[in-house]
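With my numbering applied, the sequence shown closes on residue 1680, and no number is skipped along the way.
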Amino acid sequence: MHVVVLGAGYAGLTLTRLLEEDLPETVDITLVDRSPDHLVQHELHRVIRRPELAAAITVPLPEVLERAAVRVARVEEIDRDERVVSLSTGALSYDAAAICLGARTAYYGLEGVREHSTPLKRLSHANRIRSGALETFRGDDPRLVVGGAGLSGVQVAGELAALAREERADATITVLEQCEHVAPGFSDPFQRAVRTALEEQGVEVRTDAAVRRADETHVHLESGDRVLYDRFVWTGGIRGADALEGERPTVRSDLRLDDRTFALGDAVRAVGADGEPVPASAQAAVREARTVAESITTLATDGDGIEVDAALEAFTFESPGWVVSVGDDAVATVGDRVLTGRAANGLKTTVGLGYLSAVSDAETAAGFAYRDLVPERFQRDR
1299 MHVVVLGAGY
1309 AGLTLTRLLE
1319 EDLPETVDIT
1329 LVDRSPDHLV
1339 QHELHRVIRR
1349 PELAAAITVP
1359 LPEVLERAAV
1369 RVARVEEIDR
1379 DERVVSLSTG
1389 ALSYDAAAIC
1399 LGARTAYYGL
1409 EGVREHSTPL
1419 KRLSHANRIR
1429 SGALETFRGD
1439 DPRLVVGGAG
1449 LSGVQVAGEL
1459 AALAREERAD
1469 ATITVLEQCE
1479 HVAPGFSDPF
1489 QRAVRTALEE
1499 QGVEVRTDAA
1509 VRRADETHVH
1519 LESGDRVLYD
1529 RFVWTGGIRG
1539 ADALEGERPT
1549 VRSDLRLDDR
1559 TFALGDAVRA
1569 VGADGEPVPA
1579 SAQAAVREAR
1589 TVAESITTLA
1599 TDGDGIEVDA
1609 ALEAFTFESP
1619 GWVVSVGDDA
1629 VATVGDRVLT
1639 GRAANGLKTT
1649 VGLGYLSAVS
1659 DAETAAGFAY
1669 RDLVPERFQR
1679 DR
């Protein structure tokens, strides 16, 4: 029996490690990803200001897996009828598969946005944003624009504002959001706290500001306004992987596309057992992986076959809370409470440290916590 996991993000890596524990040794497990490393995506924005963190949030896959085979390749096509995955390096057949390919940046056909902006999905993007910002800071009246004020956009804007202060640059950082509030989809108190945190960091917040197009110097809004920029970062939405034709298919609470193919994480639009849509997030991906690991283990009758009619657990998402970085500040929710200041920063560090401790070594996690907790000026004097 062969189980294939496509994608080594939060969902894929968590699932693979659980399957290593739960499945019999007779079951072969293969993890496929275009990179040999796992990237701790929710900390990627911090590399814009702290490039030395890149090593801490990059985890080589062989170091955290016990017996799963790792194939470094691009997933090009998935034939679910034949149960064959076409890779850039060949073909791979499976008895059961999990599609965890994550999401790509969506540009929605907006003229010039892809050509003139930088997304934030990879380390190279963070480095490009940083180098572009530093170059801009050396000029007169530097202006940086972030398109999209979801959690990613909020964090990028916060990092850019903090970087400008550290470089003593009198820069204008503007975040554009097409909805009425920043952090769309979250509670009103959380949205208000996030906006306040951004403004306290010196970020200009513009809501009800839908982007229509971009050229080399301006972001053009649906309202007819133009926003001048030197550097443009786009975090305005996500789409499915190319192997899924750019779509994010909907899966019900069993997280299955068919009897033998599961799909989870940002690659899909999941609907929980309660009928509620599951947000695209790291915490949802990790929890979905636990459910799918149990399901695949249930389907594996004796390590040699699949019991496709077995009853599977339904997934329901219950979030313990959310946390978003805003420069050196943070905003968090725990239940109905909104936290800011030290409490939110402490929670932010705990979340980052907890995940890194699970997928990396103690020294790396401790170093990450040190950089997070100790002010930069003291780190330099160390």
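Don't be surprised by glycine CBs; every beta carbon is placed ideally from N, CA and C.
Only a predicted model underlies this, so the values are computations on that prediction, with no experimental measurement involved.
Contact under 8 Å by Cβ, residue i with residue j
i	j	result
Leu-1304	Val-1373	yes
Arg-1585	Ala-1565	no
Ala-1371	Thr-1559	no
Thr-1533	Pro-1417	yes
Ala-1462	Ala-1469	yes
Leu-1690	Leu-1421	The structure shown does not extend to residue 1690, since the chain is modelled only from 1299 to 1680, so the question has no answer here.
Val-1325	Leu-1390	no
Ala-1512	Phe-1530	yes
Ile-1536	Ala-1424	no
Val-1368	Pro-1334	yes
Ala-1481	Val-1624	no
Glu-1318	Leu-1363	yes
Asp-1331	Ala-1353	no
Leu-1432	Asp-1528	no
Leu-1385	Leu-1359	no
Thr-1548	Val-1576	no
Ile-1327	Arg-1365	yes
Which residues DSSP lists as bridging residue i, in chain order
i	result
Gly-1619	Val-1632
Phe-1530	Val-1443
Ile-1397	Leu-1304, Ala-1561
Ser-1391	Val-1382
Ala-1367	Thr-1328
Pro-1575	Val-1569
Thr-1647	Answer is none; Thr-1647 lacks a bridge partner.
Thr-1596	The partner list for Thr-1596 (beta bridge, DSSP) is empty, contrary to what the question assumes.
Option nearest residue i by Cα separation, candidates the options
i	options	result
Pro-1618	Glu-1478, Thr-1631, Gly-1307	Thr-1631
Val-1454	Ala-1642, Gly-1633, Ala-1628	Ala-1628
Asp-1557	Glu-1514, Arg-1348, Glu-1319, Tyr-1392	Tyr-1392
Ser-1551	Gly-1544, Arg-1567, Val-1325	Arg-1567
Thr-1472	Val-1525, Glu-1514, Leu-1337	Val-1525
Glu-1616	Ala-1583, Ala-1366, Val-1509, Glu-1318	Ala-1583
Leu-1351	His-1340, Ala-1598, Ile-1376	His-1340
Gly-1538	Glu-1574, Ala-1578, Asp-1523, Gln-1489	Ala-1578
Gly-1451	Arg-1640, Val-1503, Ser-1429	Val-1503
Glu-1409	His-1518, Val-1622, Glu-1574, Ile-1397	His-1518
Ala-1447	Thr-1505, Ala-1467, Tyr-1405, Ile-1594	Thr-1505
His-1414	Thr-1387, Glu-1514, Glu-1475, Gly-1388	Glu-1514
Phe-1484	Glu-1497, Val-1357, Leu-1449	Leu-1449
Val-1621	Gly-1639, Leu-1610, Ala-1609	Gly-1639
Asp-1438	Ala-1467, Gly-1430, Arg-1428	Ala-1467
Gly-1540	Lys-1646, Ile-1397, Cys-1477, Asp-1634	At residue 1540 the sequence reads Asp, which differs from the Gly that was named. Nearest C-alpha to Asp-1540: Ile-1397.
Beta-carbon contacts of residue i that lie in its chain and below 6 Å, excluding the five residues immediately before and after
i	result
Phe-1676	Interpretation of Phe-1676 is limited by its pLDDT of 38, a score under 50 that renders its predicted location unreliable; the figure taken from the coordinates is listed afterwards. Excluding positions up to five away in sequence, the list is empty.
His-1343	Gln-1453, Val-1454, Glu-1457
Glu-1520	Ala-1508, Arg-1510
Arg-1426	Thr-1416
Tyr-1405	Val-1411, Arg-1412
His-1300	Asp-1326, Tyr-1392, Asp-1393
Gly-1445	Leu-1474, Val-1509, Trp-1532, Gly-1534
Gly-1544	Arg-1537, Gly-1538
Ala-1401	Ile-1536, Asp-1564
Close Cβ partners of residue i (< 7 Å) along its chain, the five nearest in sequence each way excluded
i	result
Ala-1587	Ala-1309, Thr-1312, Leu-1313, Leu-1316, Leu-1562
Gln-1581	Ser-1617
Thr-1403	Pro-1417, Lys-1419, Trp-1532, Ile-1536
Arg-1378	Leu-1555, Asp-1556, Thr-1559
8 Å CB neighbourhood of residue i in its chain, flanking five on each side removed
i	result
Ala-1571	Ser-1551, Ala-1612, Phe-1613, Thr-1614
His-1516	Arg-1524, Val-1525, Leu-1526, Tyr-1527
Glu-1478	Thr-1505, Asp-1506
Inter-residue CB distance, residue i and residue j (contact presumed, cutoff 8 Å)
i	j	result
Phe-1488	Val-1636	5 Å
The ligand ADP heavy atom lying under 7 Å from the CB of residue i
i	result
Asp-1331	Summarising the ligand content, the structure contains no ligands, and the ligand ADP is consequently not present.
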